[in-house]
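Numbering (mature numbering (1 follows the signal peptide of the UniProt record, and there is no 0)), first residue to last: -47 to -1, 1 to 316.
Even for Gly, the Cβ is constructed at its ideal location relative to N, Cα and C.
Contents: one structure, followed by commentary.
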């Protein structure tokens, strides 16, 4: 791709056409939303998995939506524009029926980034556009709780939660420097250290062993991919030769880490193995950039490829590194943000009118 790109969870920018895994952090009728997934399938996937690509639709009256995660029960979370025009966090059940998760009292918008496999905790952010942003979690019944942040926080998001209920994300004060956080309970934020001499950081994912990945950033604004061990110690991940910066987007329970590295205006999808060695995941012929956002226990990696004009497509890499472009639910670009252990992929497809559509690719 041209230009740098960061993971929706790590970057912290919520795009309205895609809020992105909120990148970029669309227009289906309410009647379609209520249908079971097989009835709204867009047809067989060209990924060779025998699956289908599905447009998940929007909340009633909404015009756009995006999906960031899918758990092993095929429950999807993300966002949808509501009838008011504001984006609200949404949970789609395994039949594709959406539930508006709402906001904190007094807030107007929200987004959900991750759901654990039991469906007991969903995490994200609640905000007033242009005002403070609060990290939140929802329980299985949809009850929302604000997570405690350090004094002075004006911007904070909860990006990921594991099956033990540990949550990670970041906070920042008026200086807008991000600082990685871990919550072991809603009222207990723990600061994660930056690399020595660095001034900012963000955590993007946590696995079920308590390993966290993200980035640490220098005073000059250069991001370096890092891993935090369960005891909180931080280490820098290997650089892609010739790269200027990097960030880690996700880590599997088996210890495979994925993310992206940049060289000038170009991004590269990368994978770190158990020993810390880094490998570039190849683009398809004609594509000029790539990024990896998720990895499952089978070693399947998902993310995007970017053409020379910046148009993105959702892709999956096999454990051996073979890349496959995923079909879109619309006529436009797409990105993949999350993958479950069965190979189902959550993401976003863009329609001709520029609206985003929450998309689920079934294995």
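Asked, Found
"Simplified DSSP assignment, three categories, for residue 309", "strand"
"DSSP beta-bridge partners of residue 11", "Note: residue 11 sits in no beta bridge, so no partner."
"Nearest residue (CA-CA) to residue 242, options 259, 11 and 234", "259"
"Selection from 183, 178, 266 and 215 that minimises the alpha carbon distance to residue 229", "178"
"Rounded separation between residue 233 and residue 227 - CA only", "15 Å"
"Simplified DSSP state of residue 60, which is helix, strand or coil", "coil"
"Reduced DSSP secondary structure (H/G/I, E/B, other) of residue 175", "coil"
"Whole-Å CB distance - residue 299 paired with residue 291, under 8 Å assumed", "4 Å"
"Nearest candidate by alpha-carbon position, reference residue 112, set 302, 247, 16 and 273", "247"
"Cβ contact (3+ pairs, closer than 8 Å) linking the segment 249 to 266 and the segment 207 to 217", "yes"
"Distance between beta carbons of residue 161 and residue 117, contact taken as under 8 Å", "7 Å"
"Residues sharing a beta bridge with residue 294, DSSP", "DSSP, once it has assigned bridges, lists no residue as partnering residue 294."
"DSSP three-state assignment for residue -2, whether helix, strand or coil", "Below a pLDDT of 50, predicted positions are generally treated as unreliable, and residue -2, at 36, falls in that range; no measurement from the model is reported."
"Presumed contact (8 Å Cβ cut-off) between residue 277 and residue 269, rounded CB distance", "5 Å"
"Whether residue 139 touches residue 123 by CB criterion (7 Å)", "no"
"7 Å Cβ cutoff met for residue 64 and residue 42", "yes"
"Distance CB(residue 115)-CB(residue 159) smaller than 7 Å", "yes"
"Simplified DSSP state of residue 130, which is helix, strand or coil", "coil"
"Supposed contact pair residue 264 and residue 286 - C-beta distance, whole angstroms, cut 8 Å", "5 Å"
"Best match in 27, 32 and 180 for proximity to residue 16 [C-alpha to C-alpha]", "32"
"Under 7 Å between C-beta atoms of residue 169 and residue 148", "yes"
"C-alpha gap between residue 224 and residue 244, whole angstroms", "10 Å"
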